[in-house]
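Only one structure is covered here, and it is reproduced in the block below.
Residue numbers (this note's numbering): 2 to 204.
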(Lines of atoms letter the chains of each structure in order from A and count residues from 1; the text may use other names and numbers.)
(Lines give C-alpha, C1' and ligand atoms only; values in the text may rest on other atoms or scores of the structure.)
Protein backbone atom coordinates (compact mmCIF):
# COMPACT_ATOMS: atom_id res chain seq x y z
CA UNK A 1 0.00 0.00 0.00
CA UNK A 2 0.96 3.30 -0.47
CA UNK A 3 -0.22 6.36 1.38
CA UNK A 4 -1.26 8.16 -1.67
CA UNK A 5 -4.73 6.71 -2.38
CA UNK A 6 -7.08 4.83 -0.07
CA UNK A 7 -8.26 1.41 -1.23
CA UNK A 8 -11.93 1.37 -2.14
CA UNK A 9 -14.32 -0.64 0.01
CA UNK A 10 -16.96 -3.22 -0.85
CA UNK A 11 -19.88 -4.52 1.18
CA UNK A 12 -20.12 -7.79 -0.74
CA UNK A 13 -20.46 -10.86 1.47
CA UNK A 14 -17.00 -12.31 2.12
CA UNK A 15 -16.08 -15.87 1.09
CA UNK A 16 -15.09 -18.43 3.69
CA UNK A 17 -11.41 -18.10 4.53
CA UNK A 18 -8.78 -19.72 6.68
CA UNK A 19 -7.58 -18.16 9.97
CA UNK A 20 -4.89 -15.50 9.48
CA UNK A 21 -1.23 -16.36 9.77
CA UNK A 22 0.82 -14.99 12.64
CA UNK A 23 3.61 -12.45 12.23
CA UNK A 24 3.69 -9.44 9.91
CA UNK A 25 2.50 -10.06 6.33
CA UNK A 26 3.69 -8.17 3.27
CA UNK A 27 2.41 -4.60 3.35
CA UNK A 28 2.15 -4.40 7.13
CA UNK A 29 5.44 -2.57 7.75
CA UNK A 30 4.28 0.93 6.63
CA UNK A 31 1.17 0.59 8.79
CA UNK A 32 3.23 -0.49 11.79
CA UNK A 33 5.62 2.44 11.32
CA UNK A 34 2.86 5.01 10.90
CA UNK A 35 0.64 3.87 13.78
CA UNK A 36 3.28 2.64 16.22
CA UNK A 37 1.33 -0.63 16.59
CA UNK A 38 2.74 -4.04 15.72
CA UNK A 39 0.80 -6.19 13.27
CA UNK A 40 -0.27 -8.86 15.81
CA UNK A 41 -2.05 -6.10 17.78
CA UNK A 42 -3.84 -4.85 14.66
CA UNK A 43 -4.73 -8.38 13.53
CA UNK A 44 -6.09 -9.17 17.00
CA UNK A 45 -8.49 -6.22 16.69
CA UNK A 46 -9.80 -7.64 13.41
CA UNK A 47 -10.07 -11.17 14.82
CA UNK A 48 -11.81 -10.09 18.01
CA UNK A 49 -14.45 -8.25 15.98
CA UNK A 50 -15.27 -11.27 13.82
CA UNK A 51 -12.41 -11.45 11.35
CA UNK A 52 -13.21 -13.35 8.16
CA UNK A 53 -16.95 -13.22 8.85
CA UNK A 54 -16.98 -9.44 8.28
CA UNK A 55 -17.09 -7.52 5.02
CA UNK A 56 -14.31 -5.16 3.98
CA UNK A 57 -16.25 -2.10 5.11
CA UNK A 58 -17.07 -3.68 8.48
CA UNK A 59 -13.42 -4.59 9.05
CA UNK A 60 -12.29 -1.05 8.23
CA UNK A 61 -14.83 0.45 10.63
CA UNK A 62 -13.66 -1.95 13.32
CA UNK A 63 -10.01 -0.93 13.24
CA UNK A 64 -10.37 2.79 12.55
CA UNK A 65 -10.82 3.75 16.24
CA UNK A 66 -7.56 1.95 17.02
CA UNK A 67 -5.71 4.40 14.74
CA UNK A 68 -7.47 7.58 15.89
CA UNK A 69 -4.99 10.04 17.45
CA UNK A 70 -2.10 7.98 16.08
CA UNK A 71 -2.20 9.11 12.43
CA UNK A 72 -3.62 12.14 10.66
CA UNK A 73 -6.06 10.11 8.53
CA UNK A 74 -7.26 7.14 10.55
CA UNK A 75 -9.85 6.12 7.95
CA UNK A 76 -7.26 5.90 5.18
CA UNK A 77 -4.90 3.79 7.29
CA UNK A 78 -7.81 1.58 8.38
CA UNK A 79 -8.59 0.86 4.73
CA UNK A 80 -4.97 -0.06 4.07
CA UNK A 81 -4.77 -2.28 7.15
CA UNK A 82 -7.96 -4.03 6.08
CA UNK A 83 -6.52 -4.84 2.68
CA UNK A 84 -3.38 -6.31 4.28
CA UNK A 85 -5.52 -8.32 6.71
CA UNK A 86 -7.66 -9.66 3.87
CA UNK A 87 -4.52 -10.72 2.03
CA UNK A 88 -3.28 -12.52 5.14
CA UNK A 89 -6.50 -14.56 5.42
CA UNK A 90 -6.54 -15.40 1.71
CA UNK A 91 -9.43 -13.19 0.66
CA UNK A 92 -7.29 -11.42 -1.95
CA UNK A 93 -3.83 -11.83 -3.45
CA UNK A 94 -0.86 -9.60 -2.64
CA UNK A 95 -1.11 -6.18 -4.25
CA UNK A 96 -4.84 -6.49 -4.96
CA UNK A 97 -7.11 -3.78 -3.61
CA UNK A 98 -10.60 -4.30 -2.26
CA UNK A 99 -11.95 -3.21 -5.66
CA UNK A 100 -10.05 -6.00 -7.45
CA UNK A 101 -7.39 -3.89 -9.16
CA UNK A 102 -3.69 -3.93 -8.25
CA UNK A 103 -1.29 -1.43 -6.73
CA UNK A 104 2.41 -1.22 -5.96
CA UNK A 105 4.86 1.20 -4.36
CA UNK A 106 8.58 1.84 -4.25
CA UNK A 107 10.30 4.07 -1.71
CA UNK A 108 13.66 5.37 -0.60
CA UNK A 109 14.93 7.59 2.21
CA UNK A 110 17.04 10.45 0.87
CA UNK A 111 18.72 13.59 2.18
CA UNK A 112 17.13 16.90 1.29
CA UNK A 113 14.10 19.10 1.83
CA UNK A 114 10.63 17.75 1.12
CA UNK A 115 9.71 20.25 -1.57
CA UNK A 116 12.97 19.74 -3.41
CA UNK A 117 12.66 15.95 -3.33
CA UNK A 118 9.08 16.07 -4.55
CA UNK A 119 10.11 18.26 -7.47
CA UNK A 120 12.99 15.93 -8.33
CA UNK A 121 10.80 12.84 -8.17
CA UNK A 122 8.15 14.44 -10.38
CA UNK A 123 10.83 15.51 -12.86
CA UNK A 124 12.15 11.94 -13.05
CA UNK A 125 8.68 10.57 -13.65
CA UNK A 126 7.90 13.11 -16.38
CA UNK A 127 11.27 12.51 -18.03
CA UNK A 128 10.52 8.79 -18.22
CA UNK A 129 7.29 9.54 -20.15
CA UNK A 130 6.20 5.90 -19.68
CA UNK A 131 6.26 3.50 -16.73
CA UNK A 132 6.18 -0.12 -17.86
CA UNK A 133 4.36 0.96 -21.02
CA UNK A 134 1.88 3.23 -19.23
CA UNK A 135 2.02 6.82 -20.41
CA UNK A 136 2.62 9.45 -17.73
CA UNK A 137 0.13 12.32 -17.69
CA UNK A 138 1.64 15.77 -18.13
CA UNK A 139 -0.76 17.34 -15.64
CA UNK A 140 -0.98 16.69 -11.94
CA UNK A 141 -2.13 18.01 -8.61
CA UNK A 142 -0.06 18.86 -5.56
CA UNK A 143 -1.36 18.78 -2.00
CA UNK A 144 0.24 18.93 1.43
CA UNK A 145 -0.66 17.68 4.90
CA UNK A 146 1.21 18.37 8.13
CA UNK A 147 3.08 15.08 7.64
CA UNK A 148 3.48 14.62 3.88
CA UNK A 149 3.77 16.36 0.52
CA UNK A 150 1.93 14.81 -2.42
CA UNK A 151 1.80 14.99 -6.20
CA UNK A 152 -0.81 12.93 -8.05
CA UNK A 153 -1.09 12.33 -11.76
CA UNK A 154 -2.73 9.93 -14.19
CA UNK A 155 -1.19 7.01 -16.04
CA UNK A 156 -2.33 5.27 -19.20
CA UNK A 157 -5.10 2.71 -18.98
CA UNK A 158 -6.84 4.51 -16.14
CA UNK A 159 -4.07 3.85 -13.61
CA UNK A 160 -2.86 6.57 -11.24
CA UNK A 161 0.49 7.57 -9.79
CA UNK A 162 1.17 9.39 -6.54
CA UNK A 163 4.45 10.80 -5.26
CA UNK A 164 4.59 11.33 -1.51
CA UNK A 165 7.42 12.80 0.57
CA UNK A 166 7.51 12.39 4.33
CA UNK A 167 10.15 14.30 6.34
CA UNK A 168 12.23 12.16 8.70
CA UNK A 169 15.04 12.84 11.16
CA UNK A 170 18.46 14.25 10.23
CA UNK A 171 17.18 16.32 7.28
CA UNK A 172 16.10 13.24 5.37
CA UNK A 173 12.79 12.34 3.73
CA UNK A 174 11.02 9.15 2.75
CA UNK A 175 10.08 9.40 -0.94
CA UNK A 176 7.38 6.96 -2.06
CA UNK A 177 5.93 6.39 -5.53
CA UNK A 178 2.63 4.50 -5.58
CA UNK A 179 0.79 3.24 -8.67
CA UNK A 180 -2.85 2.19 -8.34
CA UNK A 181 -5.53 0.93 -10.71
CA UNK A 182 -3.28 -1.67 -12.35
CA UNK A 183 -4.85 -4.53 -14.29
CA UNK A 184 -2.93 -7.61 -13.14
CA UNK A 185 -0.19 -9.03 -10.98
CA UNK A 186 2.04 -9.16 -14.05
CA UNK A 187 1.55 -5.46 -14.73
CA UNK A 188 2.11 -4.77 -11.03
CA UNK A 189 5.54 -6.41 -11.15
CA UNK A 190 6.48 -4.52 -14.33
CA UNK A 191 5.46 -1.21 -12.76
CA UNK A 192 7.32 -2.10 -9.56
CA UNK A 193 10.53 -2.41 -11.58
CA UNK A 194 9.88 0.95 -13.26
CA UNK A 195 9.15 2.71 -9.96
CA UNK A 196 12.29 1.30 -8.38
CA UNK A 197 14.29 2.67 -11.29
CA UNK A 198 12.81 6.13 -10.72
CA UNK A 199 13.53 6.22 -6.99
CA UNK A 200 16.97 4.77 -7.64
CA UNK A 201 17.75 7.65 -9.98
CA UNK A 202 17.08 10.14 -7.18
CA UNK A 203 20.33 9.23 -5.45
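We treat Cβ as the ideally placed atom computed from N, Cα and C, and that holds for glycine.
- DSSP, read as helix, strand or coil, puts residue 199 in helix.
- The three-state reading of DSSP puts residue 138 in coil, since its state is none of H, G, I, E or B.
- Straight across, the Cα-Cα distance linking residue 132 with residue 178 is about 12 angstroms.
- The criterion of a C-beta distance shorter than 9 angstroms is not satisfied by residue 79 and residue 88.
- Where residue 105 is concerned, the enclosing beta strand (DSSP E) starts and stops at 103–112.
- Three or more Cβ pairs drawn from the stretch 165–179 and the stretch 113–131 lie within less than 8 angstroms of each other, which places the two stretches in contact.
- Counting only unbroken stretches of 4 or more residues, the alpha helix (DSSP H) elements lying wholly within the stretch 43–74 are 57–68, in sequence order.
- When 146, 60, 111 are compared, the shortest CA-CA separation from residue 201 is found for 111.
- Each of 39, 37, 203 was checked against the Cα of residue 125, and the nearest Cα belongs to 203.
- Per DSSP, reduced to three states, the secondary structure at residue 127 is helical.
- DSSP places residue 180 inside the beta strand (DSSP E), whose first and last residues are 173–183.
- Counting every other CB atom within 10 Å of its CB across the protein chains shown gives residue 29 a total of 16 or more, marking it as buried.
- In the DSSP assignment, residue 145 forms a beta bridge with 150.
- Residue environment: residue 36 is assigned as buried (16 or more neighbouring CB atoms within 10 Å of its CB, all protein chains considered).
- Shown here, residue 25 sits in coil according to DSSP, grouped into three states, outside any helix or strand.
- Looking at the DSSP output, residue 162 bridges to 154, 180.
- Within the same chain, 151, 152 come within 7 angstroms of residue 143 by CB-CB distance, once the 5 residues on both sides are set aside.
- If you draw a 10 Å sphere on the C-beta of residue 54, you find fewer than 16 other C-beta atoms in it, and that means exposed.
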